[in-house]
């Protein structure tokens, strides 16, 4: 039985801006603090069932390695033009440093050597019997200790040093354990989701002040010196490094292999990830293993595709009979475009690698190159480095490979094939600009808006006054939030952006068009003149959980995003379903989605939590981009609001802050329909919503029907139609809803009798979970 030697070392690590920051870490060999290349991240190892420890970046051992990380497909899919069949059980996957891979049936034996002057520990979270932690216990300085335990069930696990929680893991003592059944090497677990290849993302946060204290041999007191993280990493890197646009081409290639998902478009069926349309082929996507070793709440937002989440913290989500936990989490396989990861959380999702569903046909059919989409944390301070340098934080890309399939020797296309960058400052200050680019294949719109930038001071409901920026259009006037965008599935939508001042974009968050119309600078361009965005929301099909766009979304500027969104450059989007001849809609009602429940059109309500840091509203358009510390990692809100109100009667005119403190809701009887609430978290911190009755008792009257613009689905039949939980008699009823930054929930209110109810929304700090403020909406049920 081979024993893995692990050394606890310290040293200095260059951050994305070039700053050297003190770190500790689990390494392969002993190194000193002044070593120019300290061993602080273990090389990837595979612990086999027969007792070997193999150095390998890839698994399964001996499986073919996908060129540059991108699996080549088996052949074109005869049933779906411009799509491909993925190879079943064929390609190995790359893993980043700090990853241990253990086969089922193996025994993990680690000799832990503490080379530092303080006691340290190595603990594997939830990897013991019954989900308990298993670890070495404290190891005294200059001593060693053997840690031995059987490999847990197949899944994803964090290991950290839990000492002086959470200081030691923040200093760098963390990593991942992936357990795989070698007999089911292309599945999350036996009988669980199958995949083409898999990716592991380790999120982490660095506090250079804590590091400075520790480097002097002093003990960090996290109570008297609260954490203020100022670097945010994914697999150990940030910004232009994690996006693989550096001048070091070998470094870039490694990031394409282990951090930046890439694959050819395919049809994926979430009802059956094992569907094999031909010998050796499969219709599935990529498995994303996401872990938060950091100390703040992260919100991993995918552009271009929603992901289908199947597991959270070792709990397999069911395909039917879902529930809402007492903490407000939905336990049911589901679509997400923004995946919440609290500290020490881990989740597994399938990235479908499918055609972005809201792309106009003409654009899709003309595609001849890679399409690159961002994945970034939507807790926006995490997009910075040293207080600025957007996008210099926790950010990655994923790539939908071009047509036709490139040869196996062709490297993936960089985000901008014409540029690599010497530094994060170069990257942040040199995003591609275009004055007035042409819309590709412009069509006659069904819905058209002119979105003009404006800035002015607004008086808020609490009596404060703040400089705000936003978009006006559709004759709503100059308001906060920006104009409401509403259309029907299948409508051709166009919006002409006129920045008027400097450069801006519009990203249609949760809508999934081609990259040019996705509104992100580094994957397309920033607009200085004008540009007409164009997309068509996907049309639903009966029983098909992959089709349809009806739901709640929002739009926002994606230039220097942490600052510009906080300044007010956002607004709501509502997509309505096409009429369903099989399910007619009575007068006064609307249907939420093609097969979804009815709601009362007159009482439809938007609630959007938003908090405001006054210091940020004194900054200029490009604050932090040239490398100065603009403090954009320090979001310290002082004002808290619930934006929104009754959607059909949104006020018009200038100088309006559309805010809500009371609403009415229907008691469902005598032919009346329930009230729909569209909950849109435009804050940077998580929120917790609780609903109580007039006596202050929990009122379980919220029926969750959709998340991130997609209905919840029951998918127990691998070949039959999917059914929404409410229509299957399995409603997701709750009195508490947990929502992270940029998450969207649609829910029906079902009060049992007339009376008063209260919706309380608490704003939680992203690090401490402290309640910063609570705002309420009084609900009058009648």
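Numbering (full-length UniProt numbering), first residue to last: 1 to 782. Virtual Cβ for every residue (Gly too), placed ideally from N, Cα, C.
If contacts are defined as beta-carbon pairs under 8 Å, then residue i and residue j qualify, I think. What distance do you get, rounded to the angstrom?
i, j, result
"residue 289", "residue 199", "7 Å"
"residue 161", "residue 121", "5 Å"
"residue 493", "residue 447", "5 Å"
"residue 712", "residue 705", "6 Å"
"residue 99", "residue 16", "Contact doesn't hold; Cβ gap of about 21 Å is too wide."
"residue 264", "residue 171", "Not quite, the Cβ-Cβ distance comes to about 41 Å (not below 8 Å), so this is no contact."
"residue 641", "residue 684", "Actually they do not touch by this definition, with Cβ atoms about 14 Å apart."
"residue 617", "residue 380", "Actually they do not touch by this definition, with Cβ atoms about 15 Å apart."
"residue 585", "residue 591", "5 Å"
"residue 790", "residue 328", "Any answer about residue 790 is impossible in this case: the structure gives the chain only from 1 up to 782."
"residue 549", "residue 636", "Not quite, the Cβ-Cβ distance comes to about 36 Å (not below 8 Å), so this is no contact."
Beta carbon of residue i, beta carbon of residue j: below 7 Å?
i, j, result
"residue 150", "residue 107", "yes"
"residue 665", "residue 779", "yes"
"residue 348", "residue 188", "yes"
"residue 401", "residue 545", "no"
"residue 54", "residue 43", "no"
"residue 68", "residue 256", "yes"
"residue 600", "residue 675", "yes"
"residue 689", "residue 643", "no"
"residue 267", "residue 86", "no"
"residue 245", "residue 372", "no"
Find the nearest neighbour of residue i within the set the options, judged by alpha-carbon distance.
i, options, result
"residue 625", "707, 764, 389, 301", "389"
"residue 216", "57, 683, 192, 10", "10"
"residue 383", "528, 550, 205, 263", "205"
"residue 768", "435, 701, 687", "687"
"residue 25", "731, 616, 17, 174", "174"
"residue 12", "697, 5, 4, 32", "32"
"residue 143", "166, 163, 119, 355", "119"
"residue 131", "113, 140, 157, 137", "157"
"residue 201", "344, 325, 483", "344"
"residue 799", "367, 362, 386, 395", "Limits of the chain in this structure are 1 at one end and 782 at the other, which puts residue 799 out of reach."
"residue 612", "589, 580, 564, 604", "564"
"residue 529", "436, 725, 775, 604", "436"
"residue 270", "749, 717, 754, 777", "717"
"residue 525", "445, 506, 513, 637", "506"
"residue 654", "479, 673, 638", "479"
"residue 430", "399, 523, 444", "523"
Give the DSSP bridge partners of residue i, in chain order.
i, result
"residue 687", "739, 763"
"residue 203", "234, 292"
"residue 377", "300"
"residue 726", "In the DSSP output, where bridge partners are listed per residue, residue 726 has none listed."
"residue 336", "307"
"residue 262", "399"
"residue 347", "290, 312"
"residue 102", "47, 179"
"residue 466", "458"
In angstroms with no decimal places, state the Cα-to-Cα distance between residue i and residue j.
i, j, result
"residue 210", "residue 559", "30 Å"
"residue 260", "residue 88", "21 Å"
"residue 620", "residue 527", "18 Å"
"residue 788", "residue 629", "This structure leaves residue 788 out entirely; the chain is present only between 1 and 782."
"residue 645", "residue 543", "32 Å"
"residue 66", "residue 93", "8 Å"
"residue 557", "residue 567", "10 Å"
"residue 747", "residue 728", "16 Å"
"residue 234", "residue 652", "43 Å"
"residue 317", "residue 183", "22 Å"
"residue 20", "residue 237", "13 Å"
"residue 5", "residue 109", "9 Å"
"residue 536", "residue 221", "53 Å"
"residue 140", "residue 114", "7 Å"
"residue 242", "residue 632", "20 Å"
"residue 517", "residue 572", "18 Å"
"residue 681", "residue 534", "25 Å"
"residue 735", "residue 691", "5 Å"
"residue 104", "residue 314", "15 Å"
"residue 3", "residue 333", "38 Å"
"residue 598", "residue 724", "13 Å"
"residue 745", "residue 30", "50 Å"
"residue 414", "residue 116", "Residue confidence for residue 414 is low, a pLDDT of 45 falling below 50, so the modelled location carries little weight; the figure read from the coordinates is stated next. The alpha-carbon atoms of residue 414 and residue 116 are separated by roughly 41 Å."
"residue 775", "residue 758", "10 Å"
For chain B, find out if any of its Cβ atoms is closer than 7 Å to the Cβ of residue i; answer yes or no.
i, result
"residue 109", "Judged by its chain identifiers, the structure shown contains no chain B, having just a single protein chain."
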